[in-house]
Amino acid sequence: MRRIASALACTLACTLAGTLMALGLLAPAATAAPAPAAESVRTVTYKGFGATVTLDHLDRISRTSPAFQHFVERRLTRLWKSNDPRPKCRAAATMIIKTWRSDGYALVSDMGNFAPCPAGGWVQIAVRTDAGWRTPVRLGAQEPFGCRVLGSFEVPVAVVPDGKCFAGNELVSYEDWIAAH
23 MRRIASALAC TLACTLAGTL MALGLLAPAA TAAPAPAAES VRTVTYKGFG
73 ATVTLDHLDR ISRTSPAFQH FVERRLTRLW KSNDPRPKCR AAATMIIKTW
123 RSDGYALVSD MGNFAPCPAG GWVQIAVRTD AGWRTPVRLG AQEPFGCRVL
173 GSFEVPVAVV PDGKCFAGNE LVSYEDWIAA H
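Numbering (our numbering), first residue to last: 23 to 203.
Right under this line is the structure:
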């Protein structure tokens with residue numbers, strides 16, 4: 023008799039709970055708290071080749087984070103001082119920022135020293151680490167990057183120039199390479 027009463031009580035409670043949930047008057051007890059929405063990534067993409075930034079024109083990337091702007095200023099200063107520290111060469115240090123993302127990646131479509139004190143340039147992907155923004159040597163090139171290098175830094179497809187990379191000697195879609203690995 024006790025088992026029958028217990029079974030009836032359980033059935034009644036489950037039916038009542040189901041009805042209340044269907045009416046929106048009771049949340050399921052076993053449901054975990056809803057996961058927070060994924061952090062939206064703010065992306066700034068500059069038209070054409072990108073925003074040409076020199077030490078005199080840091081305002082051209084004002085839509086990026088203050089930390090990134092400070093990083094660009096430090097990096098430009100280092101480029102200038104390492105190439106030719108004369109005042110006339112200050113304007114030669116240049117970074118062309120194509121894309122900046124709030125999740126810690128930026129595509130620098132060209133970086134180097136140009137007129138009036140040229141020393142050449144290269145494409146660079148900047149990444150934010152716990153220590154701040156940096157430009158890893160392995161993410162600087164004059165031709166498409168290696169897919170494994172991009173993958174090791176978890177670089178998003180949107181930051182990779184033309185979305186292409188080298189898998190061995192073959193130029194492939196970085197998105198396809200990620201899907202296969």
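Where a beta carbon is used, it is the ideal one built from N, C-alpha and C, also for glycine.
{"Asked": "With respect to the beta strand (DSSP E) encompassing residue 198, which residues constitute its N-terminal and C-terminal limits?", "Found": "No beta strand (DSSP E) holds residue 198; the alpha helix (DSSP H) holding it covers 196 to 202."}
{"Asked": "Helix, strand or coil, according to DSSP, for residue 73 in the structure here?", "Found": "strand"}
{"Asked": "Residue 90 by DSSP, collapsed to three states: which one?", "Found": "helix"}
{"Asked": "If you count every other CB in all the chains shown that lies within 10 Å of the CB of residue 120, and 16 or more means buried, which is it?", "Found": "buried"}
{"Asked": "Kindly identify the DSSP beta-bridge partner or partners of residue 132.", "Found": "118"}
{"Asked": "Might you give, ordered along the chain, the residues of its own chain that have their beta carbon closer than 6 Å to the beta carbon of residue 112, omitting 5 neighbours on each side?", "Found": "77, 102"}
{"Asked": "Rounded to the nearest angstrom, how far is the Cβ of residue 63 from that of residue 94, given a contact under 8 Å?", "Found": "Contact doesn't hold; Cβ gap of about 19 Å is too wide."}
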